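J.: In order, the protein sequence lines correspond to chains X and S. The first sequence begins at 113 in the working numbering and counts up by one. The second sequence begins at 4 in the working numbering and counts up by one. Cβ coordinates follow ideal geometry from the N, Cα and C atoms, glycine included. Remember, it's a predicted structure, so these values are computed and weren't measured experimentally. If you scroll down you'll find the structure; I have some questions about it.
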Amino acid sequence: MKLKVDKKLCQGHNRCVVLAGDLFDADDDGYAFIVRQPETEEEIQLARRIVRACPERAVILSED
Amino acid sequence: MSEVHEDFDHNASEFRADPLPYYKQLREAGTGQSKNYNGLWYVPTYAEVTAMAHNTDGFSPAQGTMFPPMNDRPMLPMESDPPLHTEYRHMLMREFAPKAVAEWAPTIRETARSLLEDMFKEPPFDLGLDYAKLLPTAVICKMLGITFDPVFQQWVEDSVYRRISHPKEAREATDSVYSMFRELLPDRRANPGNDLVSLVLTSEIEGEVMDEERVLDFCFFLLVAGLDNTNFTIRALLHQMAIDQDLQKRLIENPDDIPAAVEESLRFFSPVIALGRHATQDVEFAGCPMRKGDAAVMLFGCANRDPQEFENPDEFDIDRFPNRHVAFGVGPHRCLGSNLARVEIAIAIEEVLKIFPGFKLAEGAETRYDDLGPLIVVAAE
């Protein structure tokens, strides 16, 4: 399982950082990046929620 | 051409006063062309709005985004195309990114408190007019490095909302904003500071600093862009909390829920109802044959009530998830000030709840929309 932000799609809405600050942060220009991969089942559920919350569909959680 | 689009005018007062029935009909018909504004296309659904916003090759904001236009000069950086747009954005991104905005938060809070203190000195007061309306103006003035003057708010409102009913006054208001900046540029050029005007003056675009007229276009839009929209959203959420005391109680007891309430307010009240594009080539969009140069308006307010994207869209629900509203637009032209606006609205609400928990509407207060809206006026007789 891998959590990613598609840099080409991210427009800096910052929703992921607000909703899951342990997993995401914003760089100085406001674009999101992954701080660390989700580990616990709770964090994986949270990551799944962020995939749904991103207005640009830029957050990807690959299940393999 | 569907009948509902044919006569539709997004500036009509009947629509502004009660948009929901129009929204429903427009969404059910999908994108269609109006007879107004030389055949303006209206784009109503969530899927269509996001598709147009993302299609920056096919639809450009550079020939204007407002119908009728606010003035004959571009609102920058919004009304430009890549690669220029990318450079403009890059110049300003950092100043409006979450980190930079977080550094402004203490100033925003101090400003909010001081406005509330001043307001309490002179009862009776109006949280809309004496607080919500002044906060975004005071904050952006600090960011621009200019002295706060409530007349700026009046200029902006005249410039935006009176451009149909009173075009001459609107034009004069726009000119007043340009003149104010034109007068301060020589000094700012000689003594650049840590402010947005200095940043625009000194930044290189396409390898050189920008000429004065383009700098002024930036100054104008940086002042205008966040005033009435942020003010409107603060007022709309305050109003919602006044008429829904359970919501207010919940936000007093759980201030951590305020950001979710802000998001739902942005969706529900959609301060920017509509912004437009022009087709860069003949294209079929949402089954409609658009010609090169045709203008189309994305109805953000309508998309934000689309049941295909939002369950029970006409319910104000701060627990809504996901809430992928398009109040700030989407795609490369996403509102540059969205992070600032969110923080301003949240702080504005927090400070009111600290000082004034349990506030209600005044006896006899009425809600109405002004002119072109989206100004909600809550007035007591």
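Counting only the same chain and skipping the five closest in sequence on each side, list residues whose C-beta sits under 6 Å from that of residue 39 (chain S).
T.: Translated into the one-based positions of the second sequence, residue 39 (chain S) becomes position 36. Answer for residue 39 (chain S): 12, listed in chain order.
J.: Does the beta carbon of residue 193 (chain X) sit closer than 9 Å to a beta carbon anywhere in chain S?
T.: Because chain X is modelled from 113 through 176, residue 193 (chain X) falls outside the range shown and cannot be assessed.
J.: What do you reckon, are the CB atoms on residue 198 (chain S) and residue 146 (chain S) nearer than 9 Å?
T.: Indexing the second sequence from 1 puts residue 198 (chain S) at position 195. Indexing the second sequence from 1 puts residue 146 (chain S) at position 143. Result yes, Cβ atoms of residue 198 (chain S) and residue 146 (chain S) sit closer than 9 Å.
J.: With DSSP collapsed to three states, give me the class of residue 62 (chain S).
T.: Stepping through the second sequence from its first residue, residue 62 (chain S) is reached at position 59. DSSP places residue 62 (chain S) in strand when its eight states are reduced to three.
J.: Taking the alpha carbon of residue 35 (chain S) as the point to measure from, which residue in S:237, S:52, S:17 has its own alpha carbon closest?
T.: What you label residue 35 (chain S) is simply residue 32 of the second sequence in a count that begins at 1. Residue S:52 is the option with its Cα nearest to residue 35 (chain S).
J.: Residue 437 (chain S) lies in the beta strand (DSSP E); which residues open and close that run?
T.: Outside the displayed span of chain S (4 to 384) sits residue 437 (chain S), for which this structure offers no information.
J.: Identify whether residue 149 (chain X) lies in helix, strand or coil by the three-state DSSP scheme.
T.: The residue labelled residue 149 (chain X) in the question sits at position 37 within the first sequence. Residue 149 (chain X) falls in the coil class under three-state DSSP.
J.: For residue 157 (chain X), return the contacting residues in chain S, with the cut-off set at a CB-CB distance below 9 Å.
T.: Within the first sequence, residue 157 (chain X) is the residue found at index 45, counting from 1. Under the 9 Å cutoff, chain S gives no residues; its nearest Cβ is about 12 Å from residue 157 (chain X).
J.: Sorted by chain position, which residues of the same chain lie with C-beta nearer than 8 Å to residue 118 (chain S)'s C-beta, five sequence neighbours on each side aside?
T.: Here residue 118 (chain S) refers to the residue found at position 115 when the second sequence is read from its first residue. Cβ neighbours of residue 118 (chain S) beyond the five flanking positions: 133, 134, 137, 138, 141.
J.: Along the beta strand (DSSP E) that carries residue 281 (chain S), what are the first and last residues, could you check?
T.: The residue you call residue 281 (chain S) lines up with position 278 of the second sequence. Counting along the chain, the beta strand (DSSP E) containing residue 281 (chain S) begins and ends at 277-282.
J.: Using a Cβ-Cβ cutoff of less than 6 Å, which residues in the same chain neighbour residue 277 (chain S) once the five nearest sequence positions on both sides are dropped?
T.: Numbered from 1 along the second sequence, position 274 holds the residue referred to as residue 277 (chain S). Taken in chain order, the residues that qualify are 13, 300, 302.
J.: Please identify the residue among S:298, S:350, S:164, S:54 whose C-alpha is closest to the C-alpha of residue 238 (chain S).
T.: Locating residue 238 (chain S) in the second sequence gives position 235, where the first residue counts as 1. Answer by Cα proximity: S:350.
J.: With distances taken from CA atoms, which of S:306, S:22, S:338 is nearest residue 227 (chain S)?
T.: Counting from 1 along the second sequence, the entry for residue 227 (chain S) is found at position 224. Cα-wise, what sits closest to residue 227 (chain S) is S:338.
J.: Count the C-beta pairs between the stretch 166-174 of chain S and the stretch 64-81 of chain S that are closer than 8 Å, then say yes if the count reaches three, no if not.
T.: Result yes; three or more Cβ-Cβ pairs closer than 8 Å.
J.: Go through the stretch 309-366 of chain S residue by residue and report every complete run of the alpha helix (DSSP H) that reaches 4 residues or more, in order.
T.: With a minimum length of 4 residues, the continuous alpha helix (DSSP H) runs that stay inside the stretch 309-366 of chain S are 341-358.
J.: Flag residue 161 (chain X) as yes if its beta-carbon sits less than 9 Å from any beta-carbon of chain S, otherwise no.
T.: Reading the first sequence from its first residue, position 49 is the one you call residue 161 (chain X). Yes, its Cβ sits closer than 9 Å to a Cβ of chain S.
J.: Do residue 93 (chain S) and residue 140 (chain X) count as a contact pair if the criterion is CB distance below 9 Å?
T.: In the first sequence, the residue the question calls residue 140 (chain X) occupies position 28. In the second sequence, the residue the question calls residue 93 (chain S) occupies position 90. Their beta carbons are not under 9 Å apart, which means residue 140 (chain X) does not touch residue 93 (chain S) by this criterion.
J.: Roughly how many whole angstroms lie between the Cα atoms of residue 150 (chain S) and residue 370 (chain S)?
T.: Within the second sequence, numbered from 1, the residue matching residue 150 (chain S) stands at position 147. Within the second sequence, numbered from 1, the residue matching residue 370 (chain S) stands at position 367. In a straight line, the C-alpha of residue 150 (chain S) is about 32 Å away from that of residue 370 (chain S).
J.: Check each residue of the stretch 126-155 of chain X: if its Cβ is closer than 7 Å to any Cβ of chain S, include it; give the result in chain order.
T.: Listed by position along the chain: 126, 129, 130, 138, 140, 141, 142.
J.: Between S:113, S:255, S:43, S:308, which lies nearest to residue 273 (chain S) when the distance is taken from Cα to Cα?
T.: Looking up residue 273 (chain S) in the second sequence gives position 270. Ranking S:113, S:255, S:43, S:308 by Cα distance to residue 273 (chain S) puts S:308 first.
J.: Please report whether the beta-carbon of residue 175 (chain X) lies at a distance below 9 Å from any beta-carbon of chain S.
T.: One-based indexing of the first sequence puts residue 175 (chain X) at position 63. For residue 175 (chain X), the answer is no, since every Cβ of chain S falls outside 9 Å of its Cβ.
J.: From the DSSP output, read off the bridge partner residues of residue 144 (chain S).
T.: Counting from 1 along the second sequence, the entry for residue 144 (chain S) is found at position 141. The partner list for residue 144 (chain S) (beta bridge, DSSP) is empty, contrary to what the question assumes.
J.: So, helix, strand or coil for residue 292 (chain S), using DSSP?
T.: For the purposes of this step, residue 292 (chain S) is taken as residue 289 along the second sequence, with counting starting at 1. In this structure, residue 292 (chain S) counts as strand in the three-state DSSP scheme.
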